[in-house]
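Line by line, the protein sequences are chains A and B. Counting in our numbering, the first sequence runs from 12 upward without gaps. Counting in our numbering, the second sequence runs from 12 upward without gaps.
There are 2 protein chains.
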Amino acid sequence: MYLKRALLVAAAVALPTSGVLANEELMKMEKNPNEWVMPTGDYANHRYSTLKQITKDNVKNLHPVWTFSTGVLRGHEGAPLVIGNMMYVHTPFPNIVYALDLNKNGQIVWKYEPRQDPSVIPVMCCDTVNRGVAFADGKIFLAQADATLVALDAKTGKEVWKVKNGDPKKGETNTSAPQVVKDKVLVGISGGEFGVQGRMTAYNIKDGSVAWKAYSVGPDDQILFDSKTTSMGKPVGKDSSLATWQGDQWKIGGGATWGWISYDPQLNLVYYGSGNPSTWNPVQRPGDNKWSMTIFARNADTGVAKWVYQMTPHDEWDYDGINEMILADIPVKGKETKALVHFDRNGFGYTLNRDNGELLVAEKYDPKVNWATHVDMKTGRPEVVKQYSTQAGGEDHNSQNICPAALGSKDQQPAAYSPTTHLFYVPTNHVCMDYEPFKVSYTAGQPYVGATLSMYPPKGDSNLGNFIAWDAGQGKIVWSDPEPFSVWSGALATAGGVVFYGTLEGYLKAVDMQTGKELYRFKTPSGIIGNVMTYEHGGKQYIAVLSGVGGWAGIGMAAGLTKDTDGLGAVGAYKALSSYTQLGGVLTVFGLSN
Amino acid sequence: MYLKRALLVAAAVALPTSGVLANEELMKMEKNPNEWVMPTGDYANHRYSTLKQITKDNVKNLHPVWTFSTGVLRGHEGAPLVIGNMMYVHTPFPNIVYALDLNKNGQIVWKYEPRQDPSVIPVMCCDTVNRGVAFADGKIFLAQADATLVALDAKTGKEVWKVKNGDPKKGETNTSAPQVVKDKVLVGISGGEFGVQGRMTAYNIKDGSVAWKAYSVGPDDQILFDSKTTSMGKPVGKDSSLATWQGDQWKIGGGATWGWISYDPQLNLVYYGSGNPSTWNPVQRPGDNKWSMTIFARNADTGVAKWVYQMTPHDEWDYDGINEMILADIPVKGKETKALVHFDRNGFGYTLNRDNGELLVAEKYDPKVNWATHVDMKTGRPEVVKQYSTQAGGEDHNSQNICPAALGSKDQQPAAYSPTTHLFYVPTNHVCMDYEPFKVSYTAGQPYVGATLSMYPPKGDSNLGNFIAWDAGQGKIVWSDPEPFSVWSGALATAGGVVFYGTLEGYLKAVDMQTGKELYRFKTPSGIIGNVMTYEHGGKQYIAVLSGVGGWAGIGMAAGLTKDTDGLGAVGAYKALSSYTQLGGVLTVFGLSN
């Protein structure tokens, strides 16, 4: 298998390539469980592997087999890729990429360290994270913190091309992983706390030229909406975004696009979500602020939106809609459905028809969610509870005990889906907040937040997180494992009947897919905010994860903050974390005892 | 056992303590193999454990059981202590100390992070290393980089007292581990490349007051020599140091004392070595430069020297004599002897009578050593080969192919001794050099090196290190395992018949004590320059080691140097190291599979 793969990679590098080849290559590779070829595992964002050497019965015999320090402190989100005998490991700023040789316990084949102006660091709201690299066509694609998108030769680490995807001087940075779809590499933008105009850009993988660019907010020709673009089954009509903003506010209107990207090859649609409208102060920006907080289904070739759905119109809580879209064919209320499942920051788990955007299920996946009573299934709008409306009290009013907190019932940490159980395995936050909006004026490159907040567990609870199994057809929690801290790590489901995730204290945990029963835990060097992945090499299944505490939940530790009000309110709730773990990026690769 | 220990510690903290108690406590504790109570393992510097759950047969089943990132990059020398259910882990600058709970996979009980002026960093010649903390009397003793010696409450991490042991503005820093002997804590000084006047200082553990201070060079009342002090069996006479220096040069004469400290309770003698005379340019400092490059045997109560032995009179190569003194009762040439065994930087393995300093054996422990043909057993002086004398050619003359290089056939990495085999297990460097002295003038706090050098493996060899077994009674290598890089990690010998050491690429290795055959290896997150230690907890034997590449051999990586002439010549030879490992301090604790 390795040889075959190596030849394929070599061929991809050597031959004049077309987009079709790159896509066919990825479509084939994502089905090969020996590899982990894209940051999302596969296009459907399942994070499920058909590998099953590691089972419910033997997972207790799992042990680290080799480890690798990245040489970088602060938060390590994302996961490595495995292609042939090579593993590609990324780091937070300065965004080093390592190519490691799996035949040699991770010996370094090449190292790429971009030169970046460190002035980008304070322009990153929630730690200097990076969520990984993409692969296609013999190239590794890296979206650097300073918004440079670079294509590297996968064999040598040499730069093939690079382009500027944004301007840090305007608060535009990159934290998300690119995704290759057909002959294009898609990459979003971060900066919702700096008043960016969010967009998704597709670059031709051959030379980095722009294929299409689709903004989240703005005029139709910028957001790539046409007369057929629908929401809740109806055409959205002309200037659907502009109509929901006061004056020119959309130009600094946010809707950043820093989440994971999905793709349905049959429908030829790419899916992703947009983040909060800027500023966090809702009083300053009347209207629905479309299409912030929105799921986009766009044509992969043109970028034109087929359908959209806005989860949180006129956001008052920073409930970014960027969380991943999981594409699964599941029974929904008894009917086999081409579904899109999305666990939103706002605490609702949404199930939609991914072809036409029909809303099928919208239920709370944390029972403590209180800002809205429910989602109106006709309008798709949440029914906001006035007590928890941060706009209702006006500026400088402190609204209290809002659940979830700004970092949501789930944030970037991706869920997994098992086609055997039809269940979704969701790493969640169990955090509430006090929120106080205040007036803020926009200066390019300066924080444009407009609210202070503090976070804490829900009343009566001591756990800040849960790892849950979710029935997306019914909108019901099947089981729930409490965790002392937010589960900020991505999950992995496997055909061995085992689901893996990491904890902020640093444990890699394996639980029974059916029951949630803990089967194994190992304390890695630092808190885990990376995503668990698996691959097979030399006939043996391995589990790998980056540890390295940080991210928004760990920003207090990562940035050395001490005041509870620092770090967008994440310091207080997670203060105890420093009793469990310290900074440090390390990859740990696990295998079964012989 | 844990309960008993906890009570003992509690008692030690609570009761008014006397020096006798502290010493009795340590004497008892060092014999308890469940603990690792001093940085040297025991007073004899054996680094041998009677624990034997882990054997030649089952060591292949060793696996990491938990890990801990220290949150600090750069070189991690030394080893943690284990006392009761607590493990004390130190870091390089900023010299954090963690108390970890062994009952909870290393959860942090307390963390102490001193405030130090980072201007001390460039005053540290060979990375910002620290070799560990000492324990006694309910206190943890830390010698910070800035030469502050601090006593911490072992239960809480609160400062009990602190004193200045030196002045970084004069190039005085601390890298070595303190050692508690009776009611005193002994600590040396670093700064041989900055023209310090080296000394060993004994502080009363109760309050940090100075009990005695003994310089390496200077007048008798400073070096604490009396009429009975001998060398090679004869009284050294009055002003033995002053007579070997030109004018006042001794005041900036070096003889730093940054190595490990041994103690023989029956003889009541402490043993340690002194480093290079300053400057490295031998032309500038005529004379034997006594007592640089010397083994000292001093009365533990008064500091007065009983005997001394200078390995390298008038050093021309930076062959510091600071390497550890191993106290072992062994047959030497057929006669049972209270021996002191010392593997000097200069490439000779010395065996002396530790009571009277009689020189018994002096043989090369690397066959490529060429700077001297042999040691004259009557005078104790090495027979220098003129070709390799860096003084012979004068200033600005480049002497080539001198073996060993300045970092010696062994440096700080401590050897282990097994009383079962009567063999010494020695981590060695296999490195030669070109050396070019040049005139330099002294400015306080500025480098006072006076030579450039470059290092490389001996001609015809590709390995930069060997791990050897040494018969100190005969002065012979018993077996030798080549290693691609210097073995910069300390060894551990165990009653299970297994010897452990780490490699610069990051492997923890276990070899057969009898044959050197490799039995196990594990790739830890970063290169290992720490010392392997063992302890028992909850009835189970564990092996632990700090990884975190750096130190002199790894200075190129640790300090981000690129030019071969940087880092006192260590960059070139070790350049390939960056293909194997990256920076990052991580403790890995190993146990057998259940």
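C-beta atoms are modelled at their ideal positions from N, C-alpha and C, and glycine is treated no differently.
| Item | Value |
| --- | --- |
| Under 9 Å (Cβ pairs) to chain B, residues found in the stretch 66–97 of chain A | Lys-71, Asn-72, His-74, Pro-75, Val-76, Trp-77, Thr-78, Phe-79, Ser-80, Thr-81, Gly-82, Val-83, Leu-84 |
| Under the three-state DSSP convention, the category Asn-608(A) falls into | As shown, chain A starts at 12 and ends at 605. That puts residue 608(A) outside it, with no answer to give. |
| Pick from Leu-62(A), Glu-183(A), Arg-58(A), Asn-56(A) that is closest to His-548(A), judged by C-alpha positions | Leu-62(A) |
| Whether His-441(A) touches Pro-468(A) by CB criterion (8 Å) | yes |
| Coarse secondary structure for Tyr-330(B), derived from DSSP in three states | coil |
| Residue-level contact to chain C via CB, Val-597(A), 8 Å cutoff | Looking at the structure shown, chain C is missing, and the protein chains on hand are A and B. |
| Per-residue contacts from Ile-119(B) into chain A (C-beta, under 9 Å) | Ser-589, Ser-590, Tyr-591, Thr-592, Gln-593 |
| 7 Å Cβ shell around Lys-534(B) - same chain, five flanking residues per side excluded | Gly-517, Tyr-518 |
| Cut-off 7 Å between Cβ atoms - residues of its own chain near Ser-303(B), not counting five sequence neighbours on either side | Ser-227, Val-228, Gly-264, Gly-265, Gly-266, Ser-285, Gly-286, Asn-287, Pro-288, Asp-326 |
| Same chain, Cβ closer than 8 Å to Asp-138(A), neighbours up to 5 away in sequence not counted | Arg-85, Gly-86, Pro-103, Gly-561, Gly-562, Trp-563, Gly-565, Ile-566, Ala-569, Ala-570 |
| Neighbourhood of Lys-397(A) by C-beta, 7 Å cutoff - its chain only, sequence neighbours within 5 removed | Ala-403 |
| Where the alpha helix (DSSP H) through Val-582(A) begins and ends | 581–584 |
| Short CB-CB distance (under 8 Å) between Ser-604(A) and chain B | yes |
| Sequence-distant residues of the same chain with beta carbon closer than 7 Å to Asp-482(B), five excluded per side | Leu-434, Val-489 |
| Chain-ordered chain B contacts of Lys-520(A) [CB-CB under 9 Å] | Within chain B, no residue comes near Lys-520(A); the closest Cβ sits about 13 Å away, beyond 9 Å. |
| Three-state secondary structure assigned by DSSP to Lys-180(B) | helix |
| Proximity to Gln-9(A) [Cα-Cα], best of Val-597(A), Gln-295(A), Val-191(A) | For chain A, the structure presents residues 12 to 605; residue 9(A) sits outside this window and is missing. |
| Residues bridged to Asp-422(B) (per DSSP) | DSSP lists no partner for Asp-422(B). |
| Three-state secondary structure assigned by DSSP to Glu-204(A) | coil |
| Residue-level contact to chain A via CB, Ser-500(B), 8 Å cutoff | no |
| Under 9 Å from the C-beta of Lys-535(A): neighbouring residues of chain B | At residue 535(A) the sequence reads Thr, which differs from the Lys that was named. Result: Trp-77, Thr-78, Ser-80. |
| Per-residue burial, Pro-179(A) [other beta carbons within 10 Å of its own, 16 or more giving buried] | buried |
| Proximity winner among Pro-430(A), Tyr-330(A), Gly-391(A), relative to Ala-626(A) (alpha-carbon distances) | In the structure displayed, chain A extends from 12 to 605; residue 626(A) sits before or after that span and is not available. |
| Straight-line Cα distance separating Glu-335(A) from Tyr-607(A) | The requested residue 607(A) is not part of the displayed model; chain A covers only 12 to 605. |
| Contact residues within the stretch 473–490 of chain A, judged by C-beta distance below 9 Å to chain B | none |
| Within chain A, the residues that Asn-622(B) reaches when beta carbons sit closer than 7 Å | Chain B is shown only over 12 to 605; residue 622(B) falls outside these bounds and no answer can be derived. |
| Separation of Trp-47(A) from Ile-554(B), as counted between CA atoms | 33 Å |
| Sub-8 Å separation of Asn-215(A) and Ile-200(A) beta-carbons | no |
| Short CB-CB distance (under 8 Å) between Leu-19(A) and chain B | Per-residue confidence for Leu-19(A) stands at a pLDDT of 43, beneath the threshold of 50, marking its modelled position as unreliable; the derived number appears in the next sentence. No, Leu-19(A) lies away from the interface with chain B (no Cβ there is under 8 Å from its Cβ). |
| Contact under 8 Å by Cβ, Gly-202(B) with Trp-256(B) | no |
| Bounding residues of the beta strand (DSSP E) (the contiguous stretch that carries Ile-65(B)) | Note, Ile-65(B): premise wrong, no beta strand (DSSP E); not H, not E. |
| Whole beta strand (DSSP E) elements within the stretch 333–375 of chain B, 3-residue minimum | 336–343, 346–354, 359–364, 370–375 |
| Straight-line gap, Lys-239(A) to Ser-537(A) (C-alpha atoms, nearest Å) | 49 Å |
| Gly-578(A) (DSSP reduced to helix, strand or coil) | helix |
| Exposure label - Arg-126(A); buried when at least 16 CB within 10 Å | exposed |
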